[in-house]
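Trainee: Anchor point for the sequence shown: position 2 equals 1 in numbering that gives the first Met the number 0, and the numbering is continuous, going up by one each time. Questions regarding the structure given below will be posed in turn.
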Amino acid sequence: MIPSQTSRMAPAMSTATGGIGDKIRGAMAVGKTRWGMLALVFFATTLNYIDRAALGVMQPILAKEMSWTAMDYANINFWFQVGYAIGFVLQGRLIDRVGVKRVFFCAVLLWSLATGAHGLATSAVGFMVCRFILGLTEAANYPACVKTTRLWFPAGERAVATGIFNAGTNVGAMFTPMLLPLILHVWGWQAAFLCMSALGGIWLLFWGLKYFNPEDHPSVKQSELDYIQKEVEPEQARVPFSRILRMRGTWAFALAYSLTAPVFWFYLYWLPPFLNQQYNLGINVTQMGIPLIIIYVTADFGSVGGGILSSFLIGRGMNSIKARLLSMFLFACCIIGVVMAAGSANLWIAVAAISLAIGAHQAWTANIWSLVMDYTPKHMMSTVFGFGGMCAAIGGMFMTQIVGHILTVTNNNYTVLFTLIPAMYFIALTWMYFMAPRKIPTVTE
């Protein structure tokens with residue numbers, strides 16, 4: 000009896016104490032269905048950021064054709080953030096109430112149509128309208144991705160899974176400057192928006208046919224389902240939105256996220272104009288494309304690597320909340336070097352500084368999202384994340400106006416903006432350290 004029990008325990012023990020390769024093989028041996036669900040939200044995030052990044056890459060062309068000023072461009076991004084803020088809180092709540100499959104399908108359908116409508120715009124006001132609708136509908140992406148990850152992955156895999164789907168942001172931002180120049184040269188900027196719209200239609204087909212929640216999936220193995228649902232959570236009653244707003248964890252995440260999420264939007268919207276102005280780069284693959292590709296490839300490594308670090312610490316016995324917080328501190332330290340970017344006369348020094356900072360930002364993001372998943376009951380996950388995303392989008396609204404104002408009064412000097420970035424992470428980390436719950440609360444009406 001004893002020898003047989005020992006032999007059955009041996010493989011599990013070797014997986015737990017072995018290297019990364021052993022852990023990956025062990026995770027895949029349990030079942031692969033959850034990784035297929037993760038692939039769907041990864042590609043959705045990629046499309047989401049292709050749609051967003053395109054405007055920054057095309058900004059010099061559109062600004063010249065429509066006589067945009069720096070404030071016009073800031074206002075266009077401002078109205079995206081207005082829609083994003085409204086959409087985040089509404090769609091986060093809808094996903095928890097109606098279900099991630101139906102709500103996300105409708106959202107991607109609408110944002111694909113909104114993307115195509117950009118090709119019909121003829122003025123800054125027209126772009127403001129299109130960006131507002133795009134923000135309203137694209138806001139469903141992250142609540143849906145986080146909800147999917149929360150449903151399909153146990154705590155030990157969540158940071159890695161989060162890092163993988165969030166890597167879609169960098170893949171989208173990286174492929175945009177690779178593909179857009181060819182489309183712009185052959186067909187023009189209107190066709191670029193129509194092509195992006197068509198990609199959304201392809202994704203919708205796969206999501207509609209392939210996505211199911213774990214307990215409803217027709218082909219998931221029972222062993223994988225047991226693995227996903229091995230963590231016992233307290234029994235929870237459905238609670239009103241007002242009660243969720245009184246939870247400490249809701250505000251822990253919302254304020255910390257609202258301080259740091261706008262930094263990535265700053266990179267997304269203003270990095271191409273910064274490189275174009277500072278180093279006279281043209282809109283083609285060899286000049287603008289290569290620096291952006293290097294930056295976003297580094298961001299991909301950061302996104303996945305950040306999840307691996309906290310998962311490694313959890314595997315070594317550290318509490319999941321402590322593992323996320325320690326990882327976030329290390330990544331915040333890596334971001335300090337970005338202050339070198341604005342004052343550098345050398346393009347590649349600036350690219351290296353920005354690459355390290357944006358990679359560390361994505362690693363930070365993988366952990367703050369996993370942190371809120373660790374202490375939030377799954378039946379209110381999208382609501383809490385949606386509220387935090389709304390706060391972050393409001394922060395982004397102010398950020399776009401502040402950036403536009405600073406660049407106007409300083410004659411497009413980015414030094415102040417790059418100097419302020421690192422401080423945001425340390426303020427957010429301090430807040431999260433004192434406010435984040437250390438376990439899933441039992442919520443009653």
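Beta carbons are placed, not taken as given, at the ideal position from N, Cα and C, and that holds for glycine.
DSSP on Pro239, reduced to helix/strand/coil?
Mentor: Coil at Pro239, not helix or strand.
Trainee: Less than 9 Å separating the beta-carbons of Pro272 and Val337?
Mentor: It is not a contact, given that the beta carbons lie outside the stated cut-off.
Trainee: Gln286 to Leu280, Cα distance in whole Å?
Mentor: Each residue's Cα considered, the two are about 5 Å apart.
Trainee: Short check: CB of Gly306 to CB of Ile163, under 9 Å?
Mentor: A contact, by the Cβ cut-off of 9 Å.
Trainee: Return the CA-CA distance between Met246 and Leu355, expressed in angstroms with no decimal places.
Mentor: Rounded to whole angstroms, Met246 to Leu355 spans 35 Å at the Cα level.
Trainee: Which one of Leu267, Thr418, Gly394 has the shortest CA to CA distance from Leu172?
Mentor: A quick correction: the sequence has Ala, not Leu, at residue 172. Taking only the C-alpha atoms, the option nearest Ala172 is Leu267.
Trainee: Which class does Met398 belong to by DSSP, given the choice of helix, strand or coil?
Mentor: Note: Met398 maps to helix in three-state DSSP.
Trainee: Below 6 Å CB to CB, which residues in the same chain sit around Tyr413 once its five sequence neighbours on both sides are set aside?
Mentor: Counting only Cβ-Cβ distances below 6 Å, and skipping sequence neighbours, we find Phe273, Ala341.
Trainee: Tell me the start and end of each unbroken beta strand (DSSP E) in the region 344-384 that is at least 3 residues and wholly inside, in chain order.
Mentor: Counting only runs of 3 or more, we get nothing.
Trainee: If you pair each beta-carbon of the region 309-327 with each one of the region 360-378, do three or more pairs fall below 8 Å?
Mentor: Verdict: yes, contact present.
Trainee: Measuring CB atoms only, is the region 214-227 touching the region 128-145, in the sense that at least three cross pairs come out at less than 8 Å?
Mentor: Short answer: they don't touch.
Trainee: Are the region 185-199 and the region 395-411 touching by the rule of at least three beta carbon pairs closer than 8 Å?
Mentor: Touching, no, given that fewer than three Cβ pairs across the two stretches are closer than 8 Å.
Trainee: Among residues of its own chain, excluding the 5 on either side of Ile334, which ones have a beta-carbon nearer than 7 Å to its beta-carbon?
Mentor: Excluding positions up to five away in sequence, the list reads Ala356, Ala359, His360, Ile420, Pro421, Tyr424.
Trainee: Looking only at its own chain, which residues have a Cβ that is under 8 Å from the Cβ of Val408, when we skip the five neighbours before and after it?
Mentor: Here the set comprises nothing.
Trainee: Report the rounded CA-to-CA distance for Gly385 versus Asn76, giving the unit in angstroms.
Mentor: Going from the Cα of Gly385 to the Cα of Asn76 covers about 20 Å.
Trainee: With 16 as the cutoff for other CB atoms within 10 Å, does Arg101 come out buried or exposed?
Mentor: Per the 10 Å Cβ criterion, exposed.
Trainee: Short of 7 Å in beta carbon distance, which residues of its chain neighbour Met70, apart from the five on each side in sequence? Order them along the chain.
Mentor: Only Gly403, Thr407 meet the Cβ criterion.
Trainee: Skipping 5 residues on each side, what residues in its chain have a beta carbon closer than 6 Å to that of Asn275?
Mentor: If we look at Asn275 and ignore the five residues flanking it on each side, its Cβ neighbours are Pro59.
Trainee: So, using beta-carbon positions, are Leu37 and Val107 closer together than 9 Å?
Mentor: No, these two residues do not count as a Cβ contact at 9 Å.
Trainee: Considering just the uninterrupted stretch of the alpha helix (DSSP H) at Asp215, what are its terminal residues?
Mentor: Neither: Asp215 is in no alpha helix (DSSP H) and is coded neither H nor E.
Trainee: CA-CA distance, Gly155 and Tyr295?
Mentor: In a straight line, the C-alpha of Gly155 is about 26 Å away from that of Tyr295.
Trainee: Using only CA atoms, which one of Ala255, Asp50, Leu93, Leu181 lies nearest to Lys146?
Mentor: With distances taken between Cα atoms, Lys146 lies closest to Leu93.
Trainee: My output table needs one value for Gln228: the three-state DSSP class, helix, strand or coil.
Mentor: It is coil, neither helix nor strand.
Trainee: On the CB-based measure, 16 or more other CB atoms within 10 Å of its CB, does Ser319 come out buried or exposed?
Mentor: When all chains shown are included, Ser319 counts as buried.
Trainee: Using a Cβ-Cβ cutoff of less than 6 Å, which residues in the same chain neighbour Pro176 once the five nearest sequence positions on both sides are dropped?
Mentor: Closer than 6 Å at the Cβ level, and outside the excluded window around Pro176, lie Val56, Met287, Gly288, Leu291.
Trainee: Put Arg437 into one of helix, strand or coil per three-state DSSP.
Mentor: Three-state DSSP puts Arg437 in coil, outside helix and strand.
Trainee: Return the first residue and the last residue of the alpha helix (DSSP H) that Trp34 is part of.
Mentor: From DSSP, the alpha helix (DSSP H) with Trp34 extends over 32-65.
Trainee: Can you say whether Asp225 is buried or exposed, counting buried as having 16 or more other CB atoms within 10 angstroms of its CB?
Mentor: Burial call: exposed.
Trainee: Write down the C-beta distance between Leu258 and Ala427 rounded to the nearest angstrom, noting that I regard them as a contact closer than 8 Å.
Mentor: Leu258 to Ala427, Cβ: 4 Å. Contact.
Trainee: May I ask you to check if the CB of Tyr295 is nearer than 8 Å to at least one heavy atom of the ligand COA?
Mentor: Absence of the ligand COA from the depicted structure is noted, as is the absence of any ligand whatsoever, leaving it without description.
Trainee: Under the three-state reduction of DSSP, which class applies to Trp206: helix, strand or coil?
Mentor: Note: Trp206 maps to helix in three-state DSSP.
Trainee: Using only the alpha-carbon positions, how far apart do Leu329 and Ala322 sit?
Mentor: Distance between the alpha carbons of Leu329 and Ala322: 11 Å.
Trainee: Since Thr168 and Ala160 are thought to touch, with beta carbons under 8 Å apart, how far apart are those beta carbons, to the nearest angstrom?
Mentor: Contact flag wrong, Cβ pair sits at about 15 Å.
Trainee: Can you list, in chain order, the residues of its chain whose CB lies under 7 Å from that of Lys438, leaving out five sequence neighbours each side?
Mentor: Result list for Lys438: Tyr374, in chain order.
Trainee: Rounded to the nearest angstrom, what separates Glu223 and Trp67 at their Cα positions?
Mentor: Each residue's Cα considered, the two are about 53 Å apart.
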